[in-house]
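Chemist:
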Amino acid sequence: MLKINNLHASVEDKAILRGINLEVKPGEVHAIMGPNGSGKSTLASVIAGKEEYEVTEGEILLENVNIDEMAPEERAHKGIFLSFQYPVEIPGVSVTNFMKTAINETRKANGLPDMPANEMLKLIREKSEMLEIDRKFLSRSLNEGFSGGEKKRNEIFQMAMLEPKLAILDETDSGLDIDALRIVANGVNKLKSKDNAVIVITHYQRLLDHIVPDFVHVLFEGRIVKSGGKELAHELEEKGYDWIKEEVNA
Amino acid sequence: MTKYTEDDLREELKTKEYEYGFYTDMESDTFPIGLDEDVVRAISLKKEEPQWMTDWRLEAFRAWKDMLEPEWANVNYVKPDFQAISYYSAPNTKPKYDSLDEVDPELLETFKKLGISLDEQKALAGVAMDVVIDSVSVATTFKKTLNEKGIIFCSISEAIKEHPELVKKYIGTVVPQKDNFYAALNSAVFSDGSFCYIPKGVRCPMELSTYFRINQANTGQFERTLVIADEGSYVSYLEGCTAPSRDENQLHAAVVELIAMDDAEIKYSTVQNWFPGNAEGKGGVYNFVTKRGLCEKNAKISWTQVETGSAITWKYPSCILKGDNSVGEFYSIAVTNNHQQADTGTKMIHLGKNTKSTIISKGISAGRSQNSYRGLVQVSSRADNARNFSQCDSLLMGNDCGAHTFPYIEVKNKSAIIEHEATTSKIGEDQIFYCNQRGIDTEKAIALIVNGFSKEVLNKLPMEFAVEAQKLLEISLEGSVG
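Residue numbers (numbering that gives the first Met the number 0), protein chains in the order written: chain A, 0 to 249; chain B, 0 to 481.
Encoded structure:
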């Protein structure tokens, strides 16, 4: 599904990613962990196509197609979804209206007609129930005045609505209390299938108790320095990142 | 990555033609350029007006000659040469039509381009049209339904002939001839416009709608509108404008007077889309408008405007809250792009007791445009318990445009409560990227953000107008992200 080869990226001439290699196959869940400033969020932004990041070397392939030249919306149309660490506010635009626009723009790009209103309503009902979202919430302006937890739950709601092939969850657990964490994780698990894949970016083990990864990668100074199974996450939780740093520097 | 840079956007914007930039080639009867008393008399004669009207015009003209063009607005432009303008132009094909089949096909074609063909309009439930093309109204529909209710809705020229008592009694009572430079000019030379009278206790069953167009090259358009809502009546009035592309600056100086008698309500909505000039700021309409309404006891006047066009806009729809418990409202979206300049706002004059006013102004600036809100809230000494709430929000797109707010507050009564809120924001790259990531391209993202920003005002427009206004906002801001 996703293949990243020797990816180097910089922002304002400052190199942040220095040779990332990663392959994600359909049906897999990958966790990316690492200390602050290791480049986790940059990796997410670069995959999504944020323009302020410049890819200086390497390539990103989605289903064997190089996406380096694609605009962010084209990548979205191809099934890449990013759950933002800090979702932005858009005053006056309701969650429903935003989703309707996003879904129909994606359909348009893929040669499909607008989704009929009744189908849209059914989808909204289904997904909001799955994520235990109060329907009143959907009439509110996007992220305006939302609590941290509401913002994150709204991201996962959007993911559920858009049914992406590859979902990248960038610190979705931050700002969530334990109940919200469970609901969000359940949502992600329900959306998982053999055809899609998830990359979970997190600092902590606790989200990974709910969304169990097939692979865990440790990002440090712009490179993946260690990969393993879910047990690696436990090890990191116990021992912190210092031993990894020592290993790298050794 | 395919970067959609600001440069690309600018290029696209430059090449974007004015959507409604076409010109209808119809024979017309146009006066030579220049203005003096003889021209004023000739206009009056042409329109077969009674002597009192001619005298009224002449009185205005004499006052205008001694007046100076105002300079306090935050706009820069080359002042029009008032002697280089023709003051009258009427389509030659003037006869009244019984059916659409008789209408000049070219005119129908024009309507089609505007998306307001009479065919459609006739079919559109509940919208009566008084179409003003180049100063003379050539078609009126739904008259019969209105007649049954005793509602008068016709051109002002017709009203001067058919209902002189009403016109004579009310014209100039809200906007006097000498009110300001442009109002005086309009009073002297107004070519046509609309007249509306709603009898006591009648609720007008449909939205009354007038479309204005400037068509003939070099013809200033001087519309005069008078709406009278008698006691306890209600009317919703829509005014929409588009104008063809033109190199010379076209002058538009309209006067609109609203009179809401005791317990009456007037809702006046405008979508203005005069040609704004090209990307270099050449051409475009100068729009100097005086709009004012008078509220008697318990009356209410709401102005809603969506201003996307004109090179220069100078416009302050106002309410004189004369009667006790009267209510004035002003909801405005003003969009400026390229080199457009807008100085617009409102005046709420609280004279009666327990009077209330609300001002919601949304200014959107893009390109190198300048967008100013100028508003006055005045509470007189005898206006006990007056209330005003004002909210002025500005949205900036790019780094070369400007937003300005000039609120004036004059309060002479201690019981008044006045609130003023103002915000300025800029469409952020983060907002755009967020939308992009959800599959929404930059153009659409801007439209979405702008519509969200303008929502409180768009919601005040009648349904079919709101859709049109939303489209206009998108057209006006295409390719203008910063």
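Beta carbons: idealized from backbone N, C-alpha and C, even for Gly.
No experiment lies behind these values; they were computed from the predicted model shown.
(1) Express the C-alpha separation of residue 262/B and residue 426/B in angstroms, rounding to a whole number.
(2) At the level of alpha carbons, what is the spacing between residue 27/A and residue 339/B?
(3) Looking only at C-alpha atoms, which of 447/B, 58/B, 472/B and 351/B sits nearest to residue 414/B?
(4) Using a Cβ cut-off of 8 Å, which residues of the segment 384-406 of chain B contact any Cβ in chain A, in chain order?
(5) Distance, Cα to Cα, residue 15/A vs residue 188/A?
(6) For a contact defined as C-beta to C-beta under 8 Å, what are the partners of residue 433/B on chain A?
(7) Identify, in the order they occur along the chain, each residue of the same chain with its Cβ nearer than 6 Å to the Cβ of residue 234/B, setting aside the five sequence neighbours on each side.
(8) Quick one: is residue 440/B near chain A, going by C-beta distance under 9 Å?
(9) Assuming residue 183/A contacts residue 190/A (C-beta within less than 8 Å), just tell me the rounded distance between them.
(10) Drop a sphere of 10 angstroms on the beta-carbon of residue 361/B, count the other beta-carbons inside from all chains shown, and report buried for 16 or more, exposed for fewer.
(11) Can you tell me which of the three DSSP states residue 433/B falls into?
(12) Contact between the segment 250-262 of chain B and the segment 161-173 of chain B: three or more CB pairs below 8 Å?
(13) With distances taken between CB atoms, is the gap from residue 400/B to residue 343/B smaller than 9 Å?
(14) For residue 52/A, does the three-state DSSP call read helix, strand or coil?
(15) Going by other Cβ atoms of all chains shown within 10 Å of its Cβ, with 16 needed for buried, is residue 51/B buried or exposed?
(16) Spell out whether any CB of chain B is found under 9 Å from the CB atom of residue 27/A.
(17) Does residue 450/B come within less than 9 Å of chain A when only Cβ atoms are used?
(18) Report all residues from its chain with a CB closer than 7 Å to the CB of residue 19/A; omit the five preceding and five following residues, and keep chain order.
(19) I'd like the span of the alpha helix (DSSP H) that includes residue 37/B, first residue to last.
(20) Checking 9 Å against the spacing of the C-beta atoms, do residue 52/A and residue 93/A come in under that value?
(21) List the residues of chain A whose Cβ lies closer than 7 Å to the Cβ of residue 454/B, in chain order.
(22) What residues in its chain sit with their C-beta under 8 Å from that of residue 261/A, if we drop five residues either side in the sequence?
(23) At 9 Å on the CB atoms, spell out the chain B contacts of residue 105/A, in chain order.
(24) Could you check where the alpha helix (DSSP H) with residue 439/B kicks off and where it finishes?
(25) How is residue 406/B classed by DSSP in three states: helix, strand or coil?
(26) Name the chain A residues whose beta carbon is nearer than 8 Å to that of residue 443/B?
(27) Straight-line CA distance for residue 299/B to residue 327/B?
(28) For residue 35/B, which residues in chain A fall below 7 Å Cβ to Cβ?
(29) Can you look up residue 188/B in the DSSP assignment and give me helix, strand or coil?
(30) Among the residues of its own chain, which have a CB less than 6 Å from the CB of residue 164/A, if the five just before and after it don't count?
(31) CB-CB under 7 Å to residue 230/A, same chain, minus the five flanking residues each way: which ones, in chain order?
(32) I'd like to know if residue 127/A contacts chain B, where contact means its C-beta is closer than 9 Å to some C-beta of that chain.
(33) In chain B, which residues lie less than 8 Å from residue 140/A when you measure between Cβ atoms?
(34) Going along chain A in order, which residues have a C-beta closer than 7 Å to the C-beta of residue 430/B?
(35) Is it right to say residue 1/A is buried, meaning 16 or more other beta carbons lie within 10 angstroms of its own, or is it exposed?
(36) Give every residue of the same chain whose Cβ lies closer than 6 Å to the Cβ of residue 493/B, excluding the five residues on either side of it in the sequence, and list them in chain order.
Modeler: Reading off the structure:
(1) Distance between the alpha carbons of residue 426/B and residue 262/B is about 42 Å.
(2) Their Cα atoms are separated by approximately 54 Å.
(3) Here the closest residue by C-alpha is 351/B.
(4) Of all residues in the segment 384-406 of chain B, none has a Cβ within less than 8 Å of some Cβ in chain A.
(5) The alpha-carbon atoms of residue 15/A and residue 188/A are separated by roughly 31 Å.
(6) Going along chain A in sequence order, the residues near residue 433/B (Cβ under 8 Å) are 83, 86, 87 and 89.
(7) In the same chain as residue 234/B, and ignoring 5 residues on each side of it, the C-beta atoms closer than 6 Å to its own belong to 197, 203, 228 and 265, in chain order.
(8) Interface residue, yes.
(9) That pair is no contact at about 11 Å.
(10) Buried: at least 16 other Cβ atoms inside 10 Å.
(11) DSSP places residue 433/B in helix when its eight states are reduced to three.
(12) Yes: the two stretches touch, three or more of their Cβ pairs being nearer than 8 Å.
(13) Between residue 400/B and residue 343/B, the C-beta spacing is not below 9 Å.
(14) Three-state DSSP puts residue 52/A in a strand.
(15) Exposed is the call here.
(16) It does not: the Cβ of residue 27/A has no partner Cβ on chain B nearer than 9 Å.
(17) Yes - at least one Cβ of chain A is within 9 Å of the one on residue 450/B.
(18) The answer, listed in chain order, is 3, 6, 42, 222 and 223.
(19) It spans 36-45 - the alpha helix (DSSP H) in which residue 37/B sits, taken as one unbroken run.
(20) Taking 9 Å as the Cβ cut-off, residue 52/A and residue 93/A do not qualify as a contacting pair.
(21) By Cβ distance, chain A contributes 91.
(22) It is not possible to answer for residue 261/A, since the shown part of chain A is limited to 0 through 249.
(23) Contact annotation for residue 105/A against chain B: 437, 438 and 439 [CB-CB distance below 9 Å, chain order].
(24) Neither: residue 439/B is in no alpha helix (DSSP H) and is coded neither H nor E.
(25) The three-state secondary structure of residue 406/B, taken from DSSP, is strand.
(26) Within 8 Å Cβ-Cβ: 100 and 104.
(27) Approximately 6 Å between the Cα atoms of the pair.
(28) In chain order: nothing, as chain A lies at least about 52 Å away.
(29) In the displayed model, residue 188/B falls within a helix according to three-state DSSP.
(30) Excluding sequence neighbours, residue 164/A sits near 78 and 195.
(31) Counting only Cβ-Cβ distances below 7 Å, and skipping sequence neighbours, we find nothing.
(32) By this cut-off, residue 127/A is not an interface position.
(33) Residues of chain B whose Cβ lies closer than 8 Å to the Cβ of residue 140/A are, in chain order, 451.
(34) Near residue 430/B (Cβ distances below 7 Å), the residues of chain A are 87 and 89.
(35) It is buried - the Cβ of residue 1/A has at least 16 other Cβ atoms within 10 Å.
(36) Residue 493/B falls outside the range modelled here, since chain B spans only 0 to 481, and no answer is possible.
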